[in-house]
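Please read the structure below before turning to the comments.
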Amino acid sequence: MSGAELDNPVTKRYDRAPLLGGAAGAVALWTVVRLVDRDVSVLLVPGVIIVGAAVGTGIGRLLSVAVKDRARTGIGTLAVFQAAAVAVVGAELGWVVFKTIISSIEWPSAKQRIPFPQIDVVTGTALDVGGVTIQRSAIFTVVALALCAVLLWLFINRTRLGRGMQAVSQDPDTARLMGINVDRIIVVAFALGAVLAAIAGISQGFQNNNIDFRMGFLAGLKAFTAAVLGGIGNVYGAVVGGLVLGVVEAMATQYVPGQFGGGSWKDVWAFVILILVLVFRPQGLLGARVVDRA
């Protein structure tokens, strides 16, 4: 037995069961009361706390009887009551604070479009270059794409962490045997994806001038389409796939005549390209064909 266990005999789950059961029972009764009536009268709140503490104490005592053969130390009724009372009082105070915060802040409606912050350098007057009108937000998007692509390439190919990421993507078990912290690599990969997604969201916000809860759905489909188009698992393929997808949409909007042209059909043509690539080159434009050997 370790020194920590000697100093604190309540270490095993069987020893803590009465305390946890008392707290959980008290909070459960309080939750039921709040679900039945969210606006409980101030005069009834002490009664709810007292009854919840009593019920929690009873549940804790039942648990102490159930685990007494396996527990190394006994938990008194007073300790169980204190745990239940603290839990139910904490739940009530948390509810009061939550209601105060919710009612004091003017939250935007999720169904309404919210204006995206405008920066004059990025969202100002469009530029006229040789008779071609170019939106500043489009320039920002292209510059952000080039910058992120270069930095991502340098990170993956020129840093130890990036090479570790490549190793984990190829064979995580072997990478772990070689001393690579696979869990850390996974966390870094998710963090890196979140940063790139944030940059993409800012670019789309500048393009649309407004944001709403549905704006990312079609963009997510397009991102998946671009990844498949370039080749799943290939960073450079994702960049190429996104550029090809954008060019196809722009050309279909401008040059496809008749009822199948125009902006309303650009998404259709994007997915037509995806279907053609999946049929004739399933590995993507830059993807390598993988052969399984026996």
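Read in order, the letters of the sequence shown are residues 1 to 294 in the UniProt record's numbering.
Every residue, glycine too, gets a C-beta built ideally from N, C-alpha and C.
The structure presented is a predicted model; accordingly, all values stated were derived computationally and were not measured.
- Cβ-Cβ distances below 7 Å link Val235 to Leu152, Ile156 in the same chain, with the five nearest sequence neighbours on each side left out; the list follows chain order.
- A distance of 9 Å or more separates the beta carbons of Ala146 and Arg136.
- A Cβ-Cβ separation of about 17 Å leaves Ile59 out of contact with Gly90 under the 8 Å criterion.
- DSSP lists Asp128 as the beta-bridge partner residues of Thr133.
- Counting C-beta atoms within 10 angstroms of its own C-beta, Gly124 has fewer than 16 neighbours from the protein chains shown and is therefore classed as exposed.
- Where Thr174 is concerned, the enclosing alpha helix (DSSP H) starts and stops at 172-177.
- Between Gln283 and the set Ala189, Ala227, Gly131, Leu243, the nearest pair of CA atoms involves Ala227.
- Between Leu286 and Gly237, the gap from beta carbon to beta carbon is short of 9 Å.
- In terms of Cα proximity to Leu276, the closest of Gly230, Met251, Gln254, Ala198 is Gly230.
- Between Ala84 and Gly164, the beta carbon gap of about 49 Å keeps them out of contact (Cβ cut-off 8 Å).
- Contact between the segment 98-113 and the segment 186-204 is absent: fewer than 3 CB-CB pairs across the two stretches fall below 8 Å.
- Sorting Thr174, Gly242, Thr253, Phe271 by C-alpha distance to the C-alpha of Ser264 places Thr253 at the top.
- For Ile114, the pairing in a beta bridge is given by DSSP as Ile211.
- Sixteen is the threshold: since fewer than 16 other Cβ atoms of the shown chains lie within 10 Å of the Cβ of Ala250, the residue is exposed.
- For Phe81, the closest C-alpha among the options Ile102, Ala54, Thr100 is that of Ala54.
- Between the C-alpha atoms of Ala138 and Ser103 there is a straight-line separation of about 40 Å.
- Between Phe206 and Phe116, the beta carbon gap of about 7 Å places them in contact (Cβ cut-off 8 Å).
- For Gly262, the secondary structure class from DSSP, reduced to helix, strand or coil, is coil.
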